[in-house]
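Quick notes on the structure that follows.
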Amino acid sequence: LAKTTQPISMDSYEGQEVNITCSHNNIATNDYITWYQQFPSQGPRFIIQGYKTKVTNEVASLFIPADRKSSTLSLPRVSLSDTAVYYCLVGDTPGNTPLVFGKGTRLSVIA
Amino acid sequence: ETGVTQSPTHLIKTRGQQVTLRCSSQSGHNTVSWYQQALGQGPQFIFQYYREEENGRGNFPPRFSGLQFPNYSSELNVNALELDDSALYLCASSLGPGQLLNTGELFFGEGSRLTVL
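For the protein sequence lines, the chains are A and B, in the order given.
Sequence positions in the first sequence follow the numbering used here and run 39 to 149.
Sequence positions in the second sequence follow the numbering used here and run 186 to 302.
If you want it as structure tokens, here you go:
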């Protein structure tokens, strides 16, 4: 399984765009990149998933360069409620390999 | 709301005791994964069940065992509890390999917080 590296913590003011970058140098051809969000005392929640280039949904955007050795989760105009831990995960064909969580990035949004 | 429910939400046990945690998966999901999350850490994969068979296991000792039932609900059993077993135990359901529309997305419950004294 490809290992991921992401910053331990980040701070941001409300209304700013936040970009969290994840490194996954050993990503395999079949691997997808998935991001989850977790609030205290709750289970993680799926945010976005991608394989290459750019993916956007109503919550975030995911940018993946051509070599796929890193990815960037972009949260537009964050609010206080976006304060959470964000996990970057890499895994092969969906459902075949259990996802492995790292320590994640603790995002603190301040007013 | 993910449709995944876990019970109990909180429990306290003493060292050496045994515990059973339960999970009801989201309708249509035939795969259940269990994770252990210690304070300040990311969730650690314990094992996964697919159609009632264990389908992958993390680095946990045999005293961590599980079951998946025909309705795809699941149990996690931990024997001979140790202080380090104190954690939030998370259950996640998902579509299984080969199922249509499967993106691998995990749907987590709220967890069961176990305290071992």
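Virtual Cβ for every residue (Gly too), placed ideally from N, Cα, C.
Between the Cα of residue i and the Cα atoms of the options, which residue gives the shortest distance?
{"i": "D69(A)", "options": "I46(A), L137(A), G53(A), L145(A)", "result": "L137(A)"}
{"i": "G260(B)", "options": "S210(B), T187(B), L196(B), Q202(B)", "result": "One detail in the question is off: residue 260(B) reads as Glu in this sequence, not Gly. E260(B) has its Cα closest to that of S210(B), out of S210(B), T187(B), L196(B), Q202(B)."}
{"i": "R106(A)", "options": "K92(A), I65(A), L118(A)", "result": "I65(A)"}
{"i": "T53(A)", "options": "P103(A), R115(A), V97(A)", "result": "A quick correction: the sequence has Gly, not Thr, at residue 53(A). Nearest of P103(A), R115(A), V97(A) to G53(A), Cα basis: R115(A)."}
{"i": "L280(B)", "options": "Y234(B), D270(B), T300(B)", "result": "Y234(B)"}
{"i": "V189(B)", "options": "G289(B), E267(B), C208(B)", "result": "C208(B)"}
{"i": "T59(A)", "options": "G129(A), Y51(A), W73(A)", "result": "W73(A)"}
{"i": "C276(B)", "options": "L266(B), Q203(B), D269(B), R298(B)", "result": "R298(B)"}
{"i": "K198(B)", "options": "I231(B), A272(B), Q229(B), T187(B)", "result": "A272(B)"}
{"i": "T187(B)", "options": "T288(B), S278(B), D270(B), W219(B)", "result": "S278(B)"}
{"i": "A149(A)", "options": "D130(A), D120(A), G129(A), C126(A)", "result": "D120(A)"}
{"i": "T67(A)", "options": "Q75(A), K90(A), T110(A), F101(A)", "result": "K90(A)"}
{"i": "E267(B)", "options": "L224(B), T194(B), V204(B), P193(B)", "result": "V204(B)"}
{"i": "D270(B)", "options": "T300(B), S258(B), N256(B), F230(B)", "result": "T300(B)"}
In whole angstroms, what separates the C-alpha of residue i from that of residue j?
{"i": "S61(A)", "j": "G243(B)", "result": "23 Å"}
{"i": "D49(A)", "j": "S146(A)", "result": "5 Å"}
{"i": "S112(A)", "j": "R200(B)", "result": "44 Å"}
{"i": "S150(A)", "j": "Y124(A)", "result": "Given a span of 39 to 149 for chain A in the structure shown, any question on residue 150(A) remains unanswerable."}
{"i": "L196(B)", "j": "F254(B)", "result": "23 Å"}
{"i": "A122(A)", "j": "K141(A)", "result": "12 Å"}
{"i": "T43(A)", "j": "R236(B)", "result": "33 Å"}
{"i": "N240(B)", "j": "L252(B)", "result": "11 Å"}
{"i": "I46(A)", "j": "Q226(B)", "result": "11 Å"}
{"i": "K92(A)", "j": "F139(A)", "result": "22 Å"}
{"i": "L118(A)", "j": "F77(A)", "result": "12 Å"}
{"i": "F222(B)", "j": "E238(B)", "result": "It should be pointed out that residue 222(B) corresponds to Gln in this sequence rather than to Phe. Their Cα atoms are separated by approximately 23 Å."}
{"i": "G289(B)", "j": "R144(A)", "result": "24 Å"}
{"i": "S99(A)", "j": "I71(A)", "result": "12 Å"}
Any Cβ of chain B within less than 8 Å of the Cβ of residue i?
{"i": "P136(A)", "result": "yes"}
{"i": "K41(A)", "result": "no"}
{"i": "F101(A)", "result": "no"}
{"i": "G140(A)", "result": "yes"}
Using a Cβ-Cβ cut-off of 8 Å, state whether residue i counts as contacting chain A.
{"i": "A136(B)", "result": "Only positions 186 to 302 of chain B appear in the structure, and residue 136(B) is not among them; the question remains open."}
{"i": "L275(B)", "result": "yes"}
{"i": "G188(B)", "result": "no"}
{"i": "G251(B)", "result": "no"}
{"i": "G201(B)", "result": "no"}
Open item on the list: Is it the case that the region 275-285 of chain B contacts the region 209-216 of chain B, given that we only count it when at least three CB pairs across the two stretches are under 8 Å?
Closed with: yes
Task: Three or more C-beta pairs below 8 Å linking the region 79-89 of chain A and the region 290-300 of chain B - done: yes
Open item on the list: Output needed in chain order: residues of the region 77-92 of chain A with a Cβ under 8 Å from some Cβ in chain B.
Closed with: S79, Q80, G81, P82, R83, F84, Q87
- [ ] Select from the region 58-75 of chain A all residues with a C-beta closer than 9 Å to any C-beta belonging to chain B, and list them in chain order.
- [x] Y70, T72, Y74
Task: Contact list for the region 214-233 of chain B against chain A, Cβ threshold 9 Å - done: T216, S218, Y220, Q222, G225, Q226, G227, P228, Q229, F230, F232, Q233
- [ ] Could you please tell me which residues of the region 277-295 of chain B, in chain order, have their CB closer than 8 Å to any CB of chain A?
- [x] A277, S279, L280, G281, P282, G283, Q284, N287, T288, G289, E290, L291, F292, F293, G294, E295
TODO: May I ask you to verify whether the region 262-269 of chain B touches the region 244-254 of chain B, counting CB pairs closer than 8 Å and requiring at least 3?
DONE: yes
- [ ] Below 7 Å between beta carbons is the criterion; list the residues of the region 108-127 of chain A that meet it against any residue of chain B, in chain order.
- [x] Y125
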